[in-house]
Amino acid sequence: MARRSDTAGLAPRKATLALLHGVIFDGQLMPELIAAGALADLAPEDRARAQRLTLDVLRNLDRIDRLLKPRLQKIPPLAVRNALRLGVMELADGGSAHGVVNAMVELVSARKRTSAYKGLTNAILRRVAESIADDWAKQADPKLPNWLRQPMVAAWGRADVAKIESVQAQTPPLDLTPKQDTAELAQSLGGIVLPTGSVRLADAGQVTALAGYDDGTWWVQDAAAALPVRLLGDVAGLSVLDLCAAPGGKTLQLAAGGATVTAVDVSETRAVRLRENLARTQLRADVQVSDAFLVSGQWDAIVLDAPCSATGTMRRHPDLPWAKDGSEFGVLIDQQARMLDHALTLLKPGGRLVFCTCSLLPDEGEVQVEEALERHPDLRVDTPEIPGVDPAWRTSEGGIRLRPDYWSDQGGMDGFYMAVIHKG
Ligand SMILES: C[S@@+](CC[C@H](N)C(=O)[O-])C[C@H]1O[C@@H](n2cnc3c(N)ncnc32)[C@H](O)[C@@H]1O
Numbered sequence: 002m003a004r005r006s007d008t009a010g011l012a013p014r015k016a017t018l019a020l021l022h023g024v025i026f027d028g029q030l031m032p033e034l035i036a037a038g039a040l041a042d043l044a045p046e047d048r049a050r051a052q053r054l055t056l057d058v059l060r061n062l063d064r065i066d067r068l069l070k071p072r073l074q075k076i077p078p079l080a081v082r083n084a085l086r087l088g089v090m091e092l093a094d095g096g097s098a099h100g101v102v103n104a105m106v107e108l109v110s111a112r113k114r115t116s117a118y119k120g121l122t123n124a125i126l127r128r129v130a131e132s133i134a135d136d137w138a139k140q141a142d143p144k145l146p147n148w149l150r151q152p153m154v155a156a157w158g159r160a161d162v163a164k165i166e167s168v169q170a171q172t173p174p175l176d177l178t179p180k181q182d183t184a185e186l187a188q189s190l191g192g193i194v195l196p197t198g199s200v201r202l203a204d205a206g207q208v209t210a211l212a213g214y215d216d217g218t219w220w221v222q223d224a225a226a227a228l229p230v231r232l233l234g235d236v237a238g239l240s241v242l243d244l245c246a247a248p249g250g251k252t253l254q255l256a257a258g259g260a261t262v263t264a265v266d267v268s269e270t271r272a273v274r275l276r277e278n279l280a281r282t283q284l285r286a287d288v289q290v291s292d293a294f295l296v297s298g299q300w301d302a303i304v305l306d307a308p309c310s311a312t313g314t315m316r317r318h319p320d321l322p323w324a325k326d327g328s329e330f331g332v333l334i335d336q337q338a339r340m341l342d343h344a345l346t347l348l349k350p351g352g353r354l355v356f357c358t359c360s361l362l363p364d365e366g367e368v369q370v371e372e373a374l375e376r377h378p379d380l381r382v383d384t385p386e387i388p389g390v391d392p393a394w395r396t397s398e399g400g401i402r403l404r405p406d407y408w409s410d411q412g413g414m415d416g417f418y419m420a421v422i423h424k425g
């Protein structure tokens with residue numbers, strides 16, 4: 002039976018508070034919480050609303066907290082703080098003061114642990130509502146948490162991190178990779194063609210409702226994520242190994258380009274999504290669920306999109322800075338180096354390997370390639386000319402560094418690093 006949407010709006014707000022708690026307190030990412038059933042009881046429109054509200058709060062968390070701080074004499078428990086945060090976000094977004102305050106007071110009253118804070122919730126949100134438009138406009142862009150801000154300032158400097166934060170504060174556009182005709186796709190969906198060949202939609206709405214979704218004439222892929230495969234040029238007739246392949250954006254590009262693709266991923270669940278994406282786009286690849294370290298064979302070309310901190314994808318996943326704390330960096334950096342070394346054993350002499358990560362940290366990008374060149378004297382880095390790639394994005398070891406603040410007037414791009422390594 003289809004669930005009916007909650008007209009008073011309490012159900013999606015309650016689910017939002019549960020998601021915020023899962024991210025901020027339990028350190029879980031939103032997709033994990035949703036896969037575990039966090040939104041299972043909601044009607045589709047309430048599910049969409051809860052996701053949007055959660056993303057809005059997390060994207061603006063620092064700005065919201067700065068606005069609340071002078072109004073709080075003592076920091077209340079996290080569950081109350083999250084209700085206040087959600088209330089501020091909704092008010093800032095133009096929600097009616099009466100409706101937002103009542104809903105938050107009701108949600109806080111409904112739980113034994115928080116019911117004592119219903120007066121405080123009412124008083125604070127009423128006061129916030131009086132001047133929210135001015136107060137919100139006066140706040141500077143939300144800052145990233147320190148565990149991430151510090152290494153980013155060390156890598157890019159304060160001024161550039163501020164530019165990145167400014168892009169992070171905006172809801173990103175949707176980028177598509179066309180299977181065939183780029184101009185036709187842009188025209189049919191009212192998008193623009195980006196200099197590197199992706200199609201960008203400013204306000205896409207529901208992805209599955211867009212024309213061409215069912216026919217598989219395109220797939221969702223950030224413009225930055227679409228570049229690593231473009232670095233290989235014409236792949237028709239080549240055997241290509243996509244070593245960390247799911248959910249498959251790069252596999253689809255390789256298959257659409259006429260390569261014979263072996264797509265490997267360690268995660269069975271993610272491999273299911275990869276197979277679904279291949280089926281929808283009517284493209285072919287040999288999908289294998291395996292640990293990359295157990296793969297053997299020889300390929301003309303390899304794409305290694307190594308597991309990383311994913312810090313480059315934060316504008317699409319604002320839960321990440323609040324769920325993580327940087328404690329995984331060391332393990333990931335070590336794994337990337339070992340995976341790159343193993344991948345190089347799978348490359349035919351004369352073959353090319355694209356190493357890439359969706360990270361904003363040089364230790365997961367530039368430094369990995371610099372160190373690999375030191376470990377393997379038979380390697381060199383190719384620097385192919387790619388339409389739309391700004392020469393300023395080139396790095397000293399020959400790679401390409403992409404950051405969210407590039408193309409900021411058009412909505413930015415994900416942070417990414419990529420380099421083409423040539424063997425022999
Ligand atoms: C950055 S994502 C890949 C995104 C993908 N290339 C795309 O374009 O859609 C990294 C992937 O590496 C996979 N992975 C992590 N450790 C792995 C391992 N040891 N062997 C194979 N795959 C692994 C993860 O399951 C995840 O799907």
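Okay, so the sequence shown: first residue is 2 according to our numbering, each after it adds one. For glycine and all other residues, C-beta sits at the position ideal for the given N, C-alpha and C. Predicted model only: the values in this text are computed from it and were never measured.
Note on geometry: alpha-carbon atoms of Gly389 and Thr197 lie some 5 Å from one another. Under the rule that a run must span 4 or more residues, the alpha helix (DSSP H) segments found entirely inside the region 284-368 read 321-324, 330-346. In the displayed model, Asp135 falls within a helix according to three-state DSSP.
By the C-beta density criterion, Asn61 is buried, having at least 16 other C-beta atoms within 10 angstroms. A contact between stretches requires three or more CB pairs, one per stretch, nearer than 8 Å, and the region 294-305 fails this requirement with the region 271-278.
DSSP, reduced to helix, strand and coil, places Thr282 within a helical segment of the structure shown. Here DSSP, grouped into helix, strand and coil, assigns Arg159 to helix. In chain order, Ala39 place their CB closer than 7 Å to the CB of Ala19, counting only its own chain and leaving out the 5 sequence neighbours on each side. Under the 8 Å Cβ criterion, the region 111-127 does not count as touching the region 314-330, having fewer than three qualifying pairs.
Per DSSP, reduced to three states, the secondary structure at Trp408 is coil, with no helix or strand assignment. The DSSP-derived three-state label of Val382 is strand. Residue state for Val267 is assigned as coil, using DSSP reduced to three classes. Met419 sits in a strand when the DSSP states are folded into three classes. Residue pairing by DSSP places Lys424 opposite Leu380 in a beta bridge. By the CB criterion at 8 Å, Val208 and Leu255 fall outside the cutoff. Within the region 166-198, the complete beta strand (DSSP E) segments at least 3 residues long are 175-179, listed from N- to C-terminus.
Rounded to whole angstroms, the separation of the alpha carbons of Asp320 and Asn103 is 27 Å. In terms of Cα proximity to Ala12, the closest of Gln52, Ile165, Ile25 is Gln52. Of all C-beta pairs linking the region 266-276 to the region 188-196, fewer than three are shorter than 8 Å, placing the two stretches out of contact. Three or more Cβ pairs drawn from the region 299-318 and the region 410-422 lie within less than 8 Å of each other, which places the two stretches in contact. In the displayed model, Arg112 falls within coil according to three-state DSSP, outside both helix and strand. Looking at the DSSP output, Val81 sits in no beta bridge, so it has no partner there. Taking a 10 Å sphere around the C-beta of Trp300, we find 16 or more other C-beta atoms and assign the residue as buried. In this structure, Val421 sits near Val382, with a CB-CB distance shorter than 8 Å. Counting the other CB atoms within 10 Å of its CB gives Thr178 a total of 16 or more, which places it among the buried residues.
DSSP lists Thr178 as the beta-bridge partner residues of Trp220. In the DSSP assignment, Leu242 falls within the beta strand (DSSP E) that extends over 240-243.
Under the three-pair Cβ rule at 8 Å, the region 384-399 does not count as touching the region 144-153. Assignment of Val390 by DSSP, reduced to helix, strand and coil, places it in the coil class. Pro13 has its Cβ no nearer than 7 Å to any heavy atom of ligand 1.
Contact between Gln283 and Gly238 does not hold, since the beta-carbon distance rounds to 20 Å and is not under 8 Å. Per DSSP, Ile76 lies in no beta strand (DSSP E) segment and is marked neither H nor E. Distance from the Cα of Leu59 is smallest, within the candidate group Gly88, Arg72, Pro45, Ser409, for Gly88.
When the beta-carbon positions are compared, Lys251 and Trp219 stay at least 8 Å from each other. With a beta-carbon spacing of about 7 Å, Gly366 and Gly400 fall inside the 8 Å limit used to define contacts. Contact between Ala344 and Leu305 is confirmed by a C-beta separation of about 5 Å, below the 8 Å threshold.
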